[in-house]
Amino acid sequence: MSRDADVLREAAGASERRDELVRVALTTGDELDDIRRSKIWTRIEDRLDDRAPAPWRWLLAGGVGALAIAGVVMLLVTRGHGPIEGFVAPADTTLTMTLGHAKAALVGPAKLDVLETGDQGMRLALRHGRFVAEFEGGHGRTLRIETPGATIEIVGTLFAVDVHPNGTCVSVAHGRVRMTTFTQVMFVDGGHEACSDAAAPHAIASDVRDILAHHEATLALAKPAPAVPVVAAAPVAEPVVASAPPPTAPARKPSRTPATRPAPAPVAISEAPAVAETPALSSAPTKLQPAFGDAPPPEKPTPTPAPPTATELYRAAEVALANHDTATADRALAKIVDDLPSSSLVDQALYERARIAYDRHAYADARHHLARLAGIPTSPLREPGAYLDCRVAIASNDSTADACLAAYRATYPHSPHDLDVLGLLVDRAFRAGGCTRAAPLVDDLTRLYQATTLARGWRERCP
Amino acid sequence: MIAALAVLATLRATEPSKEDDDAALIARHRAGDREAFATMYRTHAAAVYRRLSRILGPVPERDDLTQDVFLALHRALPAFRGEARLTTLIHRIAINKACEHLRRNGRRPAVPTDSAFFDELLSLAASPAERASWREELDRVFACLAKIKPKKRVALLLRVVDGMSFEEIAVLVDATPEAVAKRVQHGQRELDELFARASREARMS
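Residue numbers (numbering that gives the first Met the number 0), protein chains in the order written: chain H, 0 to 462; chain W, 0 to 204.
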């Protein structure tokens with residue numbers, strides 16, 4: 000009997016522990032912060048504008064569409080748009096190349112177009128097949144690869160992109176890559192891969208890891224010429240070296256399973272005739288560096304690195320904040336505010352700076368940033384900024400704190416901070432004049448938030 | 000004061016009981032006042048995000064799903080006749096979106112427990128070994144939850160994580176309290192079995 004009771008107690012204990020574990024796992028990180036809330040709203044607002052057009056608008060839309068098509072045709076005819084350079088790797092062939100700051104291999108059958116080049120980075124379009132590259136990052140330098148179902152942005156890493164009938168997969172050996180699909184944005188870290196038809200990144204497959212390792216080793220052995228940024232005025236692309244795998248290399252078959260990649264082919268680097276496709280429509284010539292180890296690099300001075308963009312600075316600040324390095328984060332945010340005042344990230348930077356200042360009790364600094372934020376009339380962060388301003392007033396024992404809280408409630412009657420603000424007002428009134436003074440506010444609290452612990456607690460204290 | 004602030008900080012904002020305000024907001028929205036919908040978002044976004052998190056865990060798709068919930072709300076409002084509270088309508092939409100997401104994902108656990116979300120929690124561990132053990136347990140939680148069917152999972156989590164009654168859950172998932180009770184019971188049993196099996200496998204490996 001006693002043993003049965005012990006077993007039952009143990010089972011009940013295990014069940015409670017399991018429930019507690021589930022609670023902890025699912026309530027971790029469930030708070031929506033102000034910045035994220037604003038970002039989501041911005042995206043919603045954009046979509047709310049995508050309303051079905053009224054019937055008369057169809058005619059207008061048709062006319063505009065026809066004009067747009069005509070414009071595109073004109074642009075193509077006049078060579079204004081379209082790839083600067085194109086590469087086709089036939090089956091069982093691997094093209095190796097240096098594209099600006101990327102040392103790359105195109106594993107056939109594959110097709111790659113160079114859409115844009117510049118000091119800031121390069122834009123490529125992988126139409127199909129596999130593209131493996133090591134991209135050397137730097138200030139303001141990015142590589143963007145567009146595929147039929149995704150856009151991949153690389154700041155600096157060794158990675159592979161696969162385009163197959165089911166979608167696009169990106170595998171990252173080290174560094175970090177951002178993948179944007181029609182439905183989501185995914186960050187893919189080293190050792191992971193993400194596919195456009197999968198919900199989240201997963202661990203990289205061993206065969207792909209081998210390919211990346213092989214590519215990295217090949218690059219190291221080849222001792223490539225130092226990467227030189229693409230110079231827009233340079234002559235048209237020089238041919239790249241094509242290499243083919245041994246004849247026994249298995250052909251790749253596209254996968255039918257969603258969220259999986261095609262069976263890989265080993266990246267074999269052996270000499271073969273060049274198969275670079277150089278389109279006739281090349282109006283903005285660019286210089287593509289010869290394959291590594293093949294020819295000496297042209298002696299061009301490396302240009303001064305471009306200053307970081309606001310997005311890069313903000314990303315750096317986010318990383319620093321995640322590492323609790325608020326000083327570095329604040330410096331990066333200050334650069335956005337001071338050096339890039341027209342950036343759309345200025346309000347976020349000001350808000351974050353105010354929060355950092357508030358956390359280190361630098362209330363004058365916090366107020367300074369919040370005053371600047373309040374001066375941006377279109378910012379969705381004015382509301383959380385106003386709330387933070389009141390918290391600063393309270394923390395610094397400012398006599399205007401009550402007025403600040405009351406003004407906040409009047410300006411933003413439906414804010415998500417309303418309960419907090421009302422709770423603060425009740426508490427302050429109670430401390431100043433007991434229940435007599437707090438009574439009207441407690442009534443408000445009970446009326447608006449009767450189900451909350453806070454309202455019940457104050458009602459008990461001031462019945 | 001500090002104590003009061005600390006209490007406030009730990010309190011989670013619950014959904015306001017403002018039926019009158021909701022009706023007025025919906026009326027303003029129908030009249031074409033764009034600020035009305037923005038107000039609905041401001042008021043309910045945090046709760047929607049929390050609801051999604053408590054069903055799905057800290058998955059990266061929560062932002063997109065929150066957006067989808069409000070776009071669906073925007074589409075639903077013209078036909079909404081006030082048969083339920085606005086909060087209830089919004090949470091029903093959120094739960095439907097979460098279920099759709101779970102169905103799309105199949106039985107794959109999509110929660111990256113190596114993400115920064117768990118850093119703070121895991122930093123409480125006394126040693127690296129304990130931290131590793133906690134991480135394993137979290138992995139196990141999400142792996143087991145992923146194997147439970149969406150409807151059962153939702154009912155179970157609303158009960159276990161939010162402590163809701165069967166009646167409250169029934170309103171949100173559009174089912175009878177009896178059906179909800181069955182789902183919770185079955186979900187708990189499945190979770191127990193899955194946990195036991197996962198623990199056995201972990202011990203053997």
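Built from N, CA and C at the ideal position, the CB exists for glycine as well.
Asked, Found
"Where W/S198 falls: helix, strand or coil (DSSP)", "helix"
"Cut-off 7 Å between Cβ atoms - residues of its own chain near H/L380, not counting five sequence neighbours on either side", "D33, S37, D346, Q347, Y350 and L372"
"Chain-ordered chain W contacts of H/M185 [CB-CB under 7 Å]", "P59"
"Straight-line gap, H/R314 to H/L369 (C-alpha atoms, nearest Å)", "21 Å"
"Backbone CA spacing between H/T445 and H/R458 [nearest angstrom]", "7 Å"
"Proximal chain W residues relative to H/P376, where beta-carbon distance stays under 7 Å", "Here the premise fails: no neighbours, minimum Cβ distance about 14 Å."
"Start-to-end residues for the alpha helix (DSSP H) that takes in W/E166", "F165 to V172"
"Straight-line Cα distance separating W/Y40 from W/A26", "15 Å"
"Neighbour list for H/S414 in chain W, Cβ cutoff strictly below 7 Å", "R41"
"Pick from W/Q187, W/R182, W/D138 and W/T86 that is closest to W/A201, judged by C-alpha positions", "W/D138"
"Where the region 134-150 of chain W meets chain H: residues whose CB sits under 8 Å from a CB there", "E136, L137, V140, F141 and L144"
"Straight-line gap, H/V87 to H/V160 (C-alpha atoms, nearest Å)", "15 Å"
"Best match in H/H100, H/A193 and H/V171 for proximity to H/D209 [C-alpha to C-alpha]", "H/V171"
"H/T451 (DSSP reduced to helix, strand or coil)", "coil"
"The region 39-57 of chain W touching the region 16-36 of chain H, judged by at least three CB pairs closer than 8 Å", "yes"
"Those runs of the beta strand (DSSP E) which lie wholly inside the region 102-184 of chain H and span at least 3 residues", "120-134, 141-146, 149-153, 156-163, 166-173 and 175-180"
"Span of the beta strand (DSSP E) around H/A193", "H191 to C194"
"Cβ of W/R182 within 9 Å of any chain H Cβ", "no"
"CB contact below 9 Å: H/A199 versus chain W", "yes"
"H/H201 - partner residues in DSSP beta bridges", "H/E192"
"Below-9 Å beta-carbon distance, H/Y507 vs any chain W residue", "Since the first and last residues shown for chain H are 0 and 462, residue 507 of chain H lies out of range."
"Which of helix, strand or coil DSSP assigns to H/V187", "strand"
"Identity of the residues DSSP links to H/E84 by a beta bridge", "H/V113"
"Min CB distance W/V172 to chain H below 9 Å", "no"
"Exposed unless 16 or more other CB atoms sit within 10 angstroms - verdict on H/T93", "buried"
"Alpha-carbon to alpha-carbon, H/L453 and H/R460", "11 Å"
"Straight-line gap, W/A205 to H/E192 (C-alpha atoms, nearest Å)", "Only positions 0 to 204 of chain W appear in this structure, which leaves residue 205 of chain W out of reach."
"Rounded C-alpha distance that separates W/E219 from W/F194", "Residue 219 of chain W is absent from the structure shown; chain W starts at 0 and stops at 204."
"Interface partners of W/F165 on chain H, CB under 9 Å", "Correct list: empty, because the minimum Cβ distance to chain H is about 16 Å."
"Any C-beta of chain H under 9 Å from that of W/G56", "yes"
"Through-space distance from H/T377 to W/L156, alpha-carbon basis", "39 Å"
"Reference H/S395, options H/R408, H/V336, H/H360 and H/H213, closest by Cα", "H/H360"
"Separation of H/R430 from H/I355, as counted between CA atoms", "29 Å"
"Option nearest H/A365 by Cα separation, candidates H/I144, H/S341, H/R390 and H/L312", "H/R390"
"DSSP three-state assignment for H/L418, whether helix, strand or coil", "helix"
"Cβ contact (3+ pairs, closer than 8 Å) linking the region 121-129 of chain H and the region 105-112 of chain H", "yes"
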